[in-house]
């Protein structure tokens, strides 16, 4: 279940910070609407790494679709790898 608190709870920021766990960010609302997210630094770094990986995979897929895919033999030849 999401951990949602009004931004006014930041007056007692220690309580808000104690309720943050890895994989469980705190969502802060302002005037009843979602506005901010406070999350564990390691969780943030993992999320950024995943986003970067997914971006690079999408670029690779797009390049394959636009320029054509290599067969295993073509890939091995381009890398200088011999099979056998």
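Residue numbers (the working numbering): 235 to 318. Cβ coordinates follow ideal geometry from the N, Cα and C atoms, glycine included.
Neighbour-count burial assignment, residue i, 16 or more Cβ in a 10 Å radius
i: residue 315; result: exposed
i: residue 260; result: buried
Bounding residues of the beta strand (DSSP E) (the contiguous stretch that carries residue i)
i: residue 238; result: 237-240
i: residue 268; result: 267-272
Simplified DSSP state of residue i, which is helix, strand or coil
i: residue 257; result: coil
Range of the contiguous alpha helix (DSSP H) that encloses residue i
i: residue 248; result: 247-252
Does the contact criterion of 3 or more C-beta pairs under 8 Å hold for the segment 237-247 versus the segment 261-269? yes
Report yes or no: do three or more beta-carbon pairs, one from the segment 274-289 and one from the segment 249-257, lie closer than 8 Å? yes
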